[in-house]
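**Student:** Quick note: the sequence shown, position 89, residue 92 per the numbering used here, numbers continuous. Even glycine gets a Cβ: it sits at the ideal position worked out from N, Cα and C.
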Amino acid sequence: MRIYQCIKEKWYRGERERVKVFNHLKTITYHKWLVCKGCFAVGLYRQGLLHDMSKYSPSEFWVGAKYFQGNRSPNNAEREAVGYSTAWLHHKGRNKHHYEYWIDYSLSGGSGGMSPAPMPRRYIAEMVMDRIAACKVYLGEDYTDSSPLTYYKSRKEPAPMHEFTKKNLEFLLCMLAEKGEKKTFSYIKRRFLKKAGKKR
Ligand SMILES: [Zn+2]
């Protein structure tokens with residue numbers, strides 16, 4: 004009887020794990036699809052297709068599945084459990100749409116302090132799409148055009164971004180909140196990304 008109980012428990016635990024793997028796969032793929040749609044709308048086809056591919060690598064995928072919760076990033080659950088997120092450390096070094104990718108260190112000051120480099124415009128645009136998609140995935144029907152700006156402002160500490168990156172990200176998130184996706188995407192495509200040759 005105890006053996007039967009043991010097998011049953013193992014089976015159910017396995018079942019829970021399998022559901023988490025499936026739900027994690029569904030979540031990252033849905034997120035990727037939303038970013039892809041946004042990137043295509045502004046003409047960033049290659050970035051749309053390649054967005055977040057490292058999430059399917061074993062270093063990120065299995066950690067994400069293990070800490071899957073559905074209503075927030077599994078990276079935060081890993082941080083609570085381990086103290087830091089191995090999946091995020093793997094992710095941010097390989098994906099240029101994260102401002103953390105662009106953090107260099109400074110030679111001046113002698114302290115080896117961190118120094119953010121400016122993000123190219125096309126990655127700022129992808130970062131905006133990423134934030135929209137993340138808010139849509141986690142907020143569901145509560146999502147509005149101002150959700151990405153609200154989330155951005157909710158940070159307790161200011162993000163260590165280069166002034167150029169910060170200025171443009173804030174500008175685009177404010178435009179999204181005030182004017183909506185259609186106008187913002189059209190602005191990104193026709194104006195924002197067209198300036199790329201002149202100044203970054
Ligand atoms: Zn990413």
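#1: I need the residues with a C-beta less than 5 Å from some heavy atom of ligand 1; please give them in chain order.
#2: In chain order, what residues of the same chain have a beta carbon less than 7 Å from the beta carbon of Ala128, not counting five sequence neighbours either side?
#3: Tell me which residues share the same chain as Arg2 and place their Cβ nearer than 7 Å to its Cβ, disregarding the 5 neighbours each side in the sequence.
#4: Are the C-beta of Thr89 and some C-beta of chain B separated by less than 8 Å?
#5: Quick test of the definition: if touching needs 3 or more C-beta pairs under 8 Å, does the stretch 33 to 44 touch the stretch 63 to 73?
#6: Pair every Cβ in the stretch 133 to 149 with every Cβ in the stretch 23 to 40, then say whether three or more of these pairs are closer than 8 Å.
#7: On the premise that Ala120 lies in contact with Asp148, defined as a C-beta separation below 8 Å, what is that separation, rounded to the nearest angstrom?
#8: If you draw a straight line from the alpha carbon of Glu160 to that of Arg5, how long is it in whole angstroms?
**Tutor:** Judging by the given coordinates:
#1: Asp55 and Asn98
#2: By one-based count along the sequence shown, residue 128 stands at place 125. Here the set comprises Val45, Leu47, Ile191, Phe195 and Leu196.
#3: Nothing about residue 2 can be reported from this structure: the residues present for the chain run from 4 to 203 only.
#4: Going by chain labels, chain B is absent from the structure shown, which holds only one protein chain.
#5: no
#6: yes
#7: Taking the first residue of the sequence shown as 1, we reach residue 148 at position 145. Taking the first residue of the sequence shown as 1, we reach residue 120 at position 117. About 30 Å separates the two Cβ atoms, so there is no contact after all.
#8: Counted from its first residue, the sequence shown places residue 160 at position 157. Counted from its first residue, the sequence shown places residue 5 at position 2. Taking the straight line joining both Cα atoms gives about 53 Å.
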